[in-house]
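Below is one structure, written out as structure tokens; comments come after it.
Protein chains: 2
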Amino acid sequence: MLLLKEMVMVIDIKDRVKCAALQGKIVTAYDAALLINPNDKVGISGFTPSGYAKAVPLALAERMEKEPFKIDLWTGASVGDEADGALTRANGINRRFPYQTNGDTRKALNSGAVKYIDMHLSTMAQNVRYGFFGDLDVAIVEVCQINEDGSLVPTTSVGNSPTFVSQAKKVIVEVNVSQPLSLVGMHDIYEPLDPPHRKPIPLETPGDRIGTEAIPCDPSKIVAVVPCDVPDTTRPLAPIDDDAKAMSQHLIKFFEQEIAEGRLPKNLLPLQSGVGSVANAVISGLAKGPFTDLSIYTEVIQDGMFDLIDAGKVTVCSGTALSPSPDGLKRFYANIDEYRKKIILRPQEISNNPGIARRIGVIAMNTAIEFDIFGNVNSTHIMGSKMMNGVGGSGDFARSAYLTIFCTNSVAKNGDISSIVPYVSHVDHPEHDTMIFCTEQGVADCRGLSPVERARLIIEKCAHPDYKPMLTEYLEKALAATKNAHTPMLLDEALSWHKRFTETGSMKK
Amino acid sequence: MLLLKEMVMVIDIKDRVKCAALQGKIVTAYDAALLINPNDKVGISGFTPSGYAKAVPLALAERMEKEPFKIDLWTGASVGDEADGALTRANGINRRFPYQTNGDTRKALNSGAVKYIDMHLSTMAQNVRYGFFGDLDVAIVEVCQINEDGSLVPTTSVGNSPTFVSQAKKVIVEVNVSQPLSLVGMHDIYEPLDPPHRKPIPLETPGDRIGTEAIPCDPSKIVAVVPCDVPDTTRPLAPIDDDAKAMSQHLIKFFEQEIAEGRLPKNLLPLQSGVGSVANAVISGLAKGPFTDLSIYTEVIQDGMFDLIDAGKVTVCSGTALSPSPDGLKRFYANIDEYRKKIILRPQEISNNPGIARRIGVIAMNTAIEFDIFGNVNSTHIMGSKMMNGVGGSGDFARSAYLTIFCTNSVAKNGDISSIVPYVSHVDHPEHDTMIFCTEQGVADCRGLSPVERARLIIEKCAHPDYKPMLTEYLEKALAATKNAHTPMLLDEALSWHKRFTETGSMKK
Chain A
1 MLLLKEMVMV IDIKDRVKCA ALQGKIVTAY DAALLINPND KVGISGFTPS GYAKAVPLAL
61 AERMEKEPFK IDLWTGASVG DEADGALTRA NGINRRFPYQ TNGDTRKALN SGAVKYIDMH
121 LSTMAQNVRY GFFGDLDVAI VEVCQINEDG SLVPTTSVGN SPTFVSQAKK VIVEVNVSQP
181 LSLVGMHDIY EPLDPPHRKP IPLETPGDRI GTEAIPCDPS KIVAVVPCDV PDTTRPLAPI
241 DDDAKAMSQH LIKFFEQEIA EGRLPKNLLP LQSGVGSVAN AVISGLAKGP FTDLSIYTEV
301 IQDGMFDLID AGKVTVCSGT ALSPSPDGLK RFYANIDEYR KKIILRPQEI SNNPGIARRI
361 GVIAMNTAIE FDIFGNVNST HIMGSKMMNG VGGSGDFARS AYLTIFCTNS VAKNGDISSI
421 VPYVSHVDHP EHDTMIFCTE QGVADCRGLS PVERARLIIE KCAHPDYKPM LTEYLEKALA
481 ATKNAHTPML LDEALSWHKR FTETGSMKK
Chain B
1001 MLLLKEMVMV IDIKDRVKCA ALQGKIVTAY DAALLINPND KVGISGFTPS GYAKAVPLAL
1061 AERMEKEPFK IDLWTGASVG DEADGALTRA NGINRRFPYQ TNGDTRKALN SGAVKYIDMH
1121 LSTMAQNVRY GFFGDLDVAI VEVCQINEDG SLVPTTSVGN SPTFVSQAKK VIVEVNVSQP
1181 LSLVGMHDIY EPLDPPHRKP IPLETPGDRI GTEAIPCDPS KIVAVVPCDV PDTTRPLAPI
1241 DDDAKAMSQH LIKFFEQEIA EGRLPKNLLP LQSGVGSVAN AVISGLAKGP FTDLSIYTEV
1301 IQDGMFDLID AGKVTVCSGT ALSPSPDGLK RFYANIDEYR KKIILRPQEI SNNPGIARRI
1361 GVIAMNTAIE FDIFGNVNST HIMGSKMMNG VGGSGDFARS AYLTIFCTNS VAKNGDISSI
1421 VPYVSHVDHP EHDTMIFCTE QGVADCRGLS PVERARLIIE KCAHPDYKPM LTEYLEKALA
1481 ATKNAHTPML LDEALSWHKR FTETGSMKK
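So the sequence lines, in the order shown, correspond to chains A and B. So the first sequence is numbered by the numbering used here: it starts at 1 and just counts up by one. So the second sequence is numbered by the numbering used here: it starts at 1001 and just counts up by one.
Here it is in structure tokens:
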């Protein structure tokens, strides 16, 4: 690898910097990192390990190793190890918004070393504009091109970059030559006005273009332009296993029933699918399913979406980021001229906008860590205390969807954890927000059911056979103890399964 | 009181039934109730005890006493005792959507006699249209007038009536002569199309009129027109006590700071205020506060709003229902020609629409039963199991607001319950949805804070002095036990305060 100091001399980005005024601002990542001050609030591009700033965060971490100081790090969502990992290891992050998936950062925020604020991803940009988190000092955004007027063409994600650019006092741009220029034209940038001046966001279907192809930016705000040739370090996806295939089949059958009942059109409604292997498997399963002319309105575009596009089953695929596996990224680059016809990348404030999700009627499919018999979902915490990743966009979609579905394997840790419990150890999606639950065991459709009816159905359809008797026993005991209260809870047993796991290594008695 | 059978002969509603085709359909409530079949799904008007169907539910309950059968009862929100109470006592309710506050109904749903589905109030209408709850058999709506074309002018609430009317197989109309004709013109009826055809709801400010003054209705669907002269039985509001005054003062001071910091305009942003005495006190306090040209975009309009209007401080007040005290209702009727200039009543799908709340940037103020040190809010359940009322509209606003505030007294039951606990016994509003907490003790502004920071601030600012040491002890013990995990929880103590209360009558050790 090149020394960061030398990178600027070797990587020629002049033809990608079309704004003449900025040609003189091309510097090394090392020099750009010197423009960041201790305690700065720094907002960087990136959503999943795609389109994130790489060279300057690495250089900043290098600087912090010698000259210890901290910054607040704001992003779109998770970013690659070059940012989260390197800065965490340099002990350089004070506050971290709004999502992460990095192993080192996870350790740091679960040991008090990093203050982490886990937010609904659609809300970050507006809260920054509202001034709720203080002034943003620096934005660092990866682009594939700077236009004549200084506007910035993002790469494989949009995230919060438009707002970071509009709000930051100074902007550092990383021009990444590993990102192809065929990305130009794939983005649709729209930043709403703030109340009381906001207008309805004029998007009516997933394919509508409502903004500009590039992020507007006053060139005088740009303090440095940095060459970079480090590709996105995307995450591998787990192979699609039998459980994931079973969930996919259950959901296809469920959709067929909804069509038969007249509650869904034949081409369904716009699909949203969360990050991860189960969600990817479900989408991939649809490529072999009976539905055509599908549309996608989602947060991240994973490999399964490419399967759907390749199968000719998708009219349009809207998201805020590509989030393919390393092989998926190669596949995307290799066929980008075809994929770009179907894919639109938007700011996460638009891709994840709950008002739009409700308007266009998305079918939201997200993954739970655990859910309880009454329909509350935990998406974030392991045994109540430890943060896994974050709520991400699941809450943006789940509450506002036409249909909201949570998927999970019925058991984890070789059967020692039941994903269906008496009471979740953290609630990210309250019972009011949930409808349909799916495990490899089956589907529980809880629409219009009371808590006790939901409990019986979830146990019957979704729980693993090993845990069904224990769940039923809990429910009956709670009903008896509370004389059939609305949501019967045993205050001293509700969290006892989690407690048992932490003590014995298994939820089983 | 008149016998229901006789009511039609005495109450002359002919001049309020302007649609000639319907003159021949005027019948008694008794006869109209005969049009309802066992197991019917029945949707009635009403939101809080305002504008609810009265005569036909009473007659139906009378019929059920002799000839036992059940229906599913759908409403806007809570309704008066003539509907919820009478039908519950007649053992006539199978399933009840989406909110209630009746003492007898509460007992029934906490003993397994009624299946209650507690929902975000903005979602009910669309879920009915989507067919998620099955076909609606009968709509019963209270009106003050039927227009020439059959369209229906609601009374003191709109609620879900437009959708019940559009979706029901047959419609029964109660013409209530106790409701003044000055109500005509106060309503703005807009029913969105369903996905994939929905358009952006074109409302940009709280005062915008986007629909019609009456609910469209094909006269051929109307099977009975019933005279009624029973006034709304509204609920008294608790007197504004010192604690409520303190909360009001804390919030006024908080708003002043936000203006000083440039995060709120001088006339604030549209105010939303939940149902109940604390919320009413806060609004009433603003009448004496420094802010002018206020706008209201809320669910229910309580007495405090009349104070604000009378003080000349409100430009417009938009809601789905009037919900005054009995004295407040008299005050409204006495001065209706002035109040009608400022008040707009909308369907709850619009008044509570999360997309609009976010667009116009409401300041959401709602009441919690309890909240925990990490910022999760319980709005519904007593000690985990027993349903109090329901989540109502709080979730429609809390997650989508510009600022979201939860208020509660720091203690209840003469100090034996702390409203701030280690972990709430039911989560209606997860930590991701909350920002600012207010008790009579003070305000905790948790924007941008990590869970542990929130915990320290909530304990410091909001907890009652009697419980501060216990809360701090829990937090420190949890931090030590989890080695500073992101959200430190003691699985065997998190709900122990509730358990202790159920066993000893006090959360105190």
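Glycine included, each C-beta is placed from N, C-alpha and C at the ideal position. The structure displayed is predicted, hence computed values, not measured ones.
Exercise for review: Check the Cβ-Cβ distances between T482/A and every residue of chain B, and say whether any is below 8 Å.
Suggested key: Here the question's residue 482/A lines up with position 482 in the first sequence. It does; some Cβ of chain B falls within 8 Å.
Review point. How would you label P239/A, buried or exposed, when you count the other beta carbons within 10 angstroms and need 16 or more for buried?
Key: Position 239 of the first sequence, counted from the first residue, corresponds to residue 239/A. Flag for P239/A reads exposed.
Review point. Between A53/A and V141/A, which are expected to be in contact by the criterion C-beta below 8 Å, what is the C-beta distance as a whole number of angstroms?
Key: Counting from one through the first sequence, the residue named residue 53/A turns up at place 53. Counting from one through the first sequence, the residue named residue 141/A turns up at place 141. Separation of the CB atoms of A53/A and V141/A is rounded to 6 Å, and the pair is thereby assigned contact status at 8 Å.
Review point. In terms of residues, what are the limits of the alpha helix (DSSP H) holding A21/A?
Key: Position 21 of the first sequence, counted from the first residue, corresponds to residue 21/A. A21/A -> no alpha helix (DSSP H), and no H or E assigned at all.
Point to revise | Under the three-state DSSP convention, the category E82/A falls into | key: Against the first sequence, residue 82/A aligns to sequence position 82. Correct three-state label for E82/A: coil.
Review point. CB T1380/B to CB H1426/B, shorter than 8 Å?
Key: Within the second sequence, residue 1380/B is the residue found at index 380, counting from 1. Within the second sequence, residue 1426/B is the residue found at index 426, counting from 1. Result yes, Cβ atoms of T1380/B and H1426/B sit closer than 8 Å.
**Study point:** Within chain B, the residues that V510/A reaches when beta carbons sit closer than 7 Å
**Key:** No statement about residue 510/A is possible, as the shown extent of chain A runs from 1 to 509 and does not include it.
Check your understanding: If the cut is a Cβ gap below 7 Å, which residues of chain A does A1485/B touch?
Key -> Looking up residue 1485/B in the second sequence gives position 485. Near A1485/B (Cβ distances below 7 Å), the residues of chain A are N110, S385, K386.
Practice item. Within its chain, find whatever has a CB closer than 8 Å to the CB of M387/A; leave out the 5 residues flanking it on each side and keep chain order. Key: Counting from one through the first sequence, the residue named residue 387/A turns up at place 387. Excluding residues within five positions, the ones whose Cβ falls inside 8 Å are R106, L109, N110, Y116, D118, T380, H381.
Exercise for review: Name, going along the chain, the residues of the region 121 to 146 of chain A whose beta-carbon falls closer than 7 Å to a beta-carbon of chain B.
Suggested key: Taking 7 Å as the Cβ-Cβ cut-off against chain B, the residues of the region 121 to 146 of chain A that qualify are Y130, G131, F132, F133.
Point to revise | Residues of the region 1089 to 1107 of chain B with Cβ closer than 7 Å to any Cβ of chain A, in chain order | key: Contact residues of the region 1089 to 1107 of chain B toward chain A are absent (C-beta to C-beta distance below 7 Å).
**Study point:** Proximal residues to D1218/B (C-beta, below 7 Å), its chain only, five neighbours per side dropped
**Key:** Translated into positions along the second sequence, residue 1218/B becomes position 218. So the qualifying residues of the chain are G1150.
Point to revise | In DSSP terms, what H1381/B is bridged to | key: Numbered from 1 along the second sequence, position 381 holds the residue referred to as residue 1381/B. DSSP output for H1381/B lists M1387/B as bridge partner(s).
Practice item. Determine whether the Cβ of T1205/B lies closer than 8 Å to any Cβ atom of chain A. Key: The count along the second sequence starts at 1 and reaches residue 1205/B at position 205. Chain A, which has a Cβ nearer than 8 Å to the Cβ of T1205/B, makes this yes.
Check your understanding: Would you say G1085/B reaches chain A, if we count a Cβ-Cβ gap shorter than 8 Å as a contact?
Key -> In the second sequence, the residue the question calls residue 1085/B occupies position 85. No, G1085/B does not count as interfacial toward chain A.
Check your understanding: Rounded to whole angstroms, how far is the Cβ of S325/A from the Cβ of D303/A, which I believe are closer than 8 Å?
Key -> What you label residue 325/A is simply residue 325 of the first sequence in a count that begins at 1. What you label residue 303/A is simply residue 303 of the first sequence in a count that begins at 1. Contact flag correct, Cβ pair sits at about 6 Å.
Check your understanding: Should Q1257/B be labelled buried (16 or more other beta-carbon atoms within 10 Å of its own) or exposed?
Key -> As a working note, residue 1257/B is residue 257 in the second sequence. Answer is exposed; the Cβ neighbour count stays below 16.
Check your understanding: Where does the unbroken beta strand (DSSP E) through L1294/B begin, and where does it stop?
Key -> Looking up residue 1294/B in the second sequence gives position 294. L1294/B -> beta strand (DSSP E) spans 1294 to 1297.
Point to revise | CB contact check: K313/A to chain B, cutoff 8 Å | key: Within the first sequence, residue 313/A is the residue found at index 313, counting from 1. Under the Cβ criterion of 8 Å, K313/A is not counted among the residues facing chain B.
Review point. Does the region 155 to 167 of chain A come close enough to the region 181 to 190 of chain A that 3 or more CB-CB pairs lie under 8 Å?
Key: Taking a contact to require three or more Cβ pairs closer than 8 Å, the region 181 to 190 of chain A and the region 155 to 167 of chain A qualify as touching.
Point to revise | Element boundaries [beta strand (DSSP E), containing Q272/A] | key: For the purposes of this step, residue 272/A is taken as residue 272 along the first sequence, with counting starting at 1. From DSSP, the beta strand (DSSP E) with Q272/A extends over 271 to 273.
Review point. Can you name, in chain order, every residue of its own chain whose Cβ lies under 8 Å from the Cβ of I13/A, other than the five neighbours on each side?
Key: Numbered from 1 along the first sequence, position 13 holds the residue referred to as residue 13/A. Sequence-distant partners of I13/A (beyond 5 residues in either direction) whose C-beta falls short of 8 Å from its own C-beta, in its chain, are I26, V175, V177, V225, P227.
Practice item. Determine the burial state of P1236/B: buried for a count of at least 16 other Cβ atoms within 10 Å of its Cβ, exposed for fewer. Key: Residue mapping note: residue 1236/B aligns to position 236 of the second sequence, counting from 1. Around the CB of P1236/B, fewer than 16 other CB atoms lie within 10 Å, so the residue is classed as exposed.
**Study point:** Delimiting residues of the beta strand (DSSP E) encompassing G1043/B
**Key:** Mapped onto the second sequence, residue 1043/B falls at position 43. Following the DSSP letters along the chain, one finds G1043/B inside the beta strand (DSSP E) bounded by residues 1041 to 1044.
Review point. Listing by chain order, which chain A residues have their CB less than 9 Å from the CB of I1201/B?
Key: Your numbering for residue 1201/B matches position 201 in the second sequence. Result: P200, G355, R359.
Review point. Does the separation of the CB atoms of G395/A and H1432/B fall below 8 Å?
Key: For the purposes of this step, residue 395/A is identified with residue 395 of the first sequence, where counting begins at 1. For the purposes of this step, residue 1432/B is identified with residue 432 of the second sequence, where counting begins at 1. Cβ atoms of G395/A and H1432/B: closer than 8 Å.
Point to revise | Buried versus exposed, by CB contacts within 10 Å (16 or more), H1197/B | key: Taking the first residue of the second sequence as 1, we reach residue 1197/B at position 197. By the neighbour-count definition (other C-beta atoms within 10 Å, threshold 16), H1197/B is an exposed residue.
Exercise for review: For P533/A, count neighbouring Cβ atoms within 10 angstroms of its own Cβ and tell me buried if that reaches 16, exposed if not.
Suggested key: Outside the displayed range of chain A (1 to 509) lies residue 533/A, so it cannot be described from this structure.
Practice item. Look up P1231/B in the DSSP assignment and say whether it is helix, strand or coil. Key: Translated into the one-based positions of the second sequence, residue 1231/B becomes position 231. Look at P1231/B here: in three-state DSSP terms it is coil, with no helix or strand label.
Practice item. Measure how close the beta-carbons of S182/A and D337/A come, nearest whole angstrom, since I'm counting them as under 8 Å. Key: On the first sequence, residue 182/A is found 182 positions in, with the first residue counted as 1. On the first sequence, residue 337/A is found 337 positions in, with the first residue counted as 1. About 6 Å separates the beta carbon of S182/A from that of D337/A, a gap short enough to meet the 8 Å contact definition.
Practice item. Might you give, ordered along the chain, the residues of its own chain that have their beta carbon closer than 7 Å to the beta carbon of Y1467/B, omitting 5 neighbours on each side? Key: Stepping through the second sequence from its first residue, residue 1467/B is reached at position 467. For Y1467/B, where only same-chain residues beyond five positions count, the Cβ hits under 7 Å are S1418, I1420.
Practice item. Classify Q942/B as buried or exposed, calling it buried when 16 or more other Cβ atoms lie within 10 Å of its own Cβ. Key: Lying outside 1001 to 1509, the shown extent of chain B, residue 942/B is not represented and no answer is given.
Review point. Going by Cα to Cα distance, which pick from S496/A, K499/A, D492/A is closest to S1496/B?
Key: Position 496 of the second sequence, counting from 1, holds the residue named residue 1496/B. Cα-wise, what sits closest to S1496/B is D492/A.
Check your understanding: N39/A touches chain B at which residues, Cβ-Cβ below 8 Å?
Key -> Counting from one through the first sequence, the residue named residue 39/A turns up at place 39. Near N39/A there are no residues of chain B at all, since even the closest Cβ is about 15 Å away, more than 8 Å.
Practice item. Could you run through the region 1458 to 1478 of chain B and flag, in chain order, every residue whose CB is less than 7 Å away from some CB of chain A? Key: Per Cβ criterion, the list is empty.
Check your understanding: Enumerated in chain order, which unbroken segments of the alpha helix (DSSP H) with a length of 4 residues or greater are wholly contained in the region 1197 to 1274 of chain B?
Key -> For secondary structure counted as the alpha helix (DSSP H) over 4 or more consecutive residues, the region 1197 to 1274 of chain B holds these complete runs in sequence order: 1242 to 1260.
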